[in-house]
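Residues in the sequence shown are numbered from 1 upward in steps of one, following the UniProt record's numbering.
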Amino acid sequence: MNEDVDNTSGSGNYIEMCPPETTMYRYLTTVLHLVLLGSILGLVSMGLYFFLTPCEECDYYNRVLAIAIWVKTICHVHLTIVRIKKREAIENNEGLKSLVIYLIKIFNSLTLLLVLSCLHLLHFYKNKCSFSTVALKFIKIYYYVTITLYFVPLLFYICLGLFLSIIICVIVNLSVDENDRIPTPENIISKLTVLKYSDIDFVLIFHKVKRVMQRKDNREEKEKKKKKLRDGLGVTNASLHGDDQVGEVLNPLKGSNESNDHYDLFVNRGETPGEVPFPGSEEPSNGLDSSHHGGDNDHVEGYGDGCGDDEEICSICMMNYVRSDDVMMMPCDKRHFFHVGCLTKWLYKSQACPICRTNIVSCLNAQGEVV
Numbered sequence: 001m002n003e004d005v006d007n008t009s010g011s012g013n014y015i016e017m018c019p020p021e022t023t024m025y026r027y028l029t030t031v032l033h034l035v036l037l038g039s040i041l042g043l044v045s046m047g048l049y050f051f052l053t054p055c056e057e058c059d060y061y062n063r064v065l066a067i068a069i070w071v072k073t074i075c076h077v078h079l080t081i082v083r084i085k086k087r088e089a090i091e092n093n094e095g096l097k098s099l100v101i102y103l104i105k106i107f108n109s110l111t112l113l114l115v116l117s118c119l120h121l122l123h124f125y126k127n128k129c130s131f132s133t134v135a136l137k138f139i140k141i142y143y144y145v146t147i148t149l150y151f152v153p154l155l156f157y158i159c160l161g162l163f164l165s166i167i168i169c170v171i172v173n174l175s176v177d178e179n180d181r182i183p184t185p186e187n188i189i190s191k192l193t194v195l196k197y198s199d200i201d202f203v204l205i206f207h208k209v210k211r212v213m214q215r216k217d218n219r220e221e222k223e224k225k226k227k228k229l230r231d232g233l234g235v236t237n238a239s240l241h242g243d244d245q246v247g248e249v250l251n252p253l254k255g256s257n258e259s260n261d262h263y264d265l266f267v268n269r270g271e272t273p274g275e276v277p278f279p280g281s282e283e284p285s286n287g288l289d290s291s292h293h294g295g296d297n298d299h300v301e302g303y304g305d306g307c308g309d310d311e312e313i314c315s316i317c318m319m320n321y322v323r324s325d326d327v328m329m330m331p332c333d334k335r336h337f338f339h340v341g342c343l344t345k346w347l348y349k350s351q352a353c354p355i356c357r358t359n360i361v362s363c364l365n366a367q368g369e370v371v
């Protein structure tokens, strides 16, 4: 375990872990070395057994095939260990990479040949032994293990390729909210804006200017409210300081001045107590006038110049827009627009925006257009 970490600080304050890939390959190499050792012991043990036990005529080819399986397994495992240990050198040397690929193909071909030989001896060999020998048992185990490791995953990938479209449809259907599968009413679809694609830039710019004006009006209203609160607080403080009796009563509440300081801090920051700034708020945070922030007119909710140029493909049919195409805008965002035919078919099946998945019925209700 100490090999998995390298101390990068002389004082031992922190340690740097080795890459997970290195640790994984180290453990894999250890396992493969154990497999290699077990294969060598298996070959030696079976060879001694065959040497000490007389061979029946029906068991001769079984023993030859068993020895061939052990030799092939040892060589194959050793090649895998070399590939892991020398992976960087193999990746950087085209000659070594070609040699390794060639050897892998040879071993895969040998595996297929050995499996076919096992199949022949187990089911089609005429001079088959009437009793189960050690070699025959080993061949049977190798045959079924190889079939499981090689051909079952192959069958799985074949089935996956054949039924991939069905699997994708099932995954998509299960990932959609049941509420979004409700068809959109006709009166909702009729409320959506339809225009030419050539007019998109004008609409986006107009909407951008409208949003800026709304923000400016909201800012002026907030300034008026702050001024009223500030004036009211000044009158209250004057009356309190002018009344000695009230001051004596309020002596235990000396900490109230701290709250006034907190209020002044809110006022200086352009906020009011208890008010949470909404996302995208463009009010100055340092008490400067809004006229010092000319950037408000340049970036409003991500509407940059030339927004229409970014939407060149309908996200539903994946076809390019033509200037004469009729497009329909979604109420969730003016930048979410699609071909009228594509969006109409979509809305007949779902109430969700194809891009942001916002429910347009709820969106229209939130905007005050009761449906």
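Just so it is clear, CB atoms sit at the ideal spot from N, CA and C, and this is done for glycine as well.
Terminal residues of the beta strand (DSSP E) in which residue i lies
| i | result |
| --- | --- |
| Leu195 | Val194 to Lys196 |
| His78 | From DSSP, His78 is part of no beta strand (DSSP E) but of the alpha helix (DSSP H) over Tyr60 to Lys85. |
| Val361 | Run containing Val361: none in the beta strand (DSSP E); it sits in the alpha helix (DSSP H), Ile360 to Ala366. |
Own chain, CB closer than 8 Å to residue i, minus 5 neighbours either side, in chain order
| i | result |
| --- | --- |
| Gly47 | Ile67 |
| Arg83 | Ile90 and Val100 |
| Cys342 | Cys314, Ile316 and Cys317 |
| Arg85 | Reading off the sequence, residue 85 comes out as Lys, not Arg. The residues are Thr29. |
| Leu155 | none |
Nearest-angstrom Cβ-Cβ length linking residue i and residue j, presumed shorter than 8 Å
| i | j | result |
| --- | --- | --- |
| Lys191 | Leu347 | Contact flag wrong, Cβ pair sits at about 11 Å. |
| Asp325 | Tyr197 | 5 Å |
| Phe338 | Cys356 | So it is not a contact: roughly 13 Å between Cβ atoms. |
| Ile74 | Leu41 | Not confirmed; about 11 Å, so no contact. |
| Leu96 | Ile90 | 5 Å |
| Ile200 | Val327 | 7 Å |
| Tyr144 | Leu119 | Not confirmed; about 11 Å, so no contact. |
| Asp59 | Cys129 | 6 Å |
| Val115 | Thr146 | 5 Å |
| Ile189 | Thr22 | Incorrect: roughly 58 Å between the Cβ atoms, too far for contact. |
| Lys140 | Leu122 | 6 Å |
Contacting residues, own chain, Cβ-Cβ under 7 Å from residue i (five flanking each side not counted)
| i | result |
| --- | --- |
| His78 | Leu36 |
| Ser291 | With a pLDDT of 38 at Ser291, under the threshold of 50, the modelled position of that residue is not reliable, and no figure is offered here. |
| Glu312 | Asn320 and Tyr321 |
| Gln351 | Asp180, Ile182, Thr184, Asn359, Ile360 and Val361 |
| Pro19 | none |
| residue 373 | With the chain represented from 1 up to 371, any question about residue 373 goes unanswered, as that position is not in the structure. |
| Trp70 | Ser39, Gly42, Leu43 and Met46 |
| Phe50 | Arg63 |
| Ile168 | none |
| Glu223 | none |
Beta-carbon proximity list for residue i, same chain, < 6 Å, skipping 5 on both sides
| i | result |
| --- | --- |
| Ser362 | none |
| Thr30 | none |
| Gln367 | none |
| Phe138 | Ala66 |
| His207 | Lys334 |
| Thr111 | none |
| Lys254 | Reliability fails at Lys254, whose pLDDT of 48 lies under 50, so the model's placement of it is uncertain and the value that follows must be treated cautiously. Around Lys254: no qualifying Cβ. |
Limits of the alpha helix (DSSP H) - the one that residue i falls within
| i | result |
| --- | --- |
| Arg181 | Counting along the chain, Arg181 falls outside any alpha helix (DSSP H), and DSSP gives it neither H nor E. |
| Arg26 | Pro20 to Leu52 |
| Phe131 | Where Phe131 is concerned, there is no enclosing alpha helix (DSSP H), given that its DSSP letter is neither H nor E. |
| Lys105 | Glu94 to Leu119 |
| Lys345 | Val340 to Leu347 |
| Val322 | First-last for Val322: undefined, no H or E at that position. |
| residue 375 | Nothing in the structure corresponds to residue 375, since the chain is present only between 1 and 371. |
| Ile158 | Val152 to Leu162 |
Nearest residue (CA-CA) to residue i, options the options
| i | options | result |
| --- | --- | --- |
| Glu56 | Asn92, Pro153 and Phe131 | Phe131 |
| Ala135 | Glu223, Cys353, Arg219 and Asn62 | Asn62 |
| Leu113 | Ser98, Lys226, Lys72 and Tyr125 | Lys72 |
| Leu186 | Lys349, Thr22 and His207 | Sequence check: residue 186 is Glu here, not Leu. Of the candidates Lys349, Thr22 and His207, the one whose C-alpha sits nearest the C-alpha of Glu186 is Lys349. |
| Ile81 | Leu154, His33, Tyr125 and Ser117 | His33 |
| Met318 | Tyr102, Pro354 and Met330 | Pro354 |
| Leu195 | Ile171, Val212, Lys345 and Met329 | Met329 |
| Gly87 | Lys140, Lys345, Tyr25 and Ser117 | At residue 87 the sequence reads Arg, which differs from the Gly that was named. Ranking Lys140, Lys345, Tyr25 and Ser117 by Cα distance to Arg87 puts Tyr25 first. |
| Pro54 | Thr23, Tyr102, His123 and Thr133 | Thr133 |
| Thr193 | Pro331, Leu52 and Phe151 | Pro331 |
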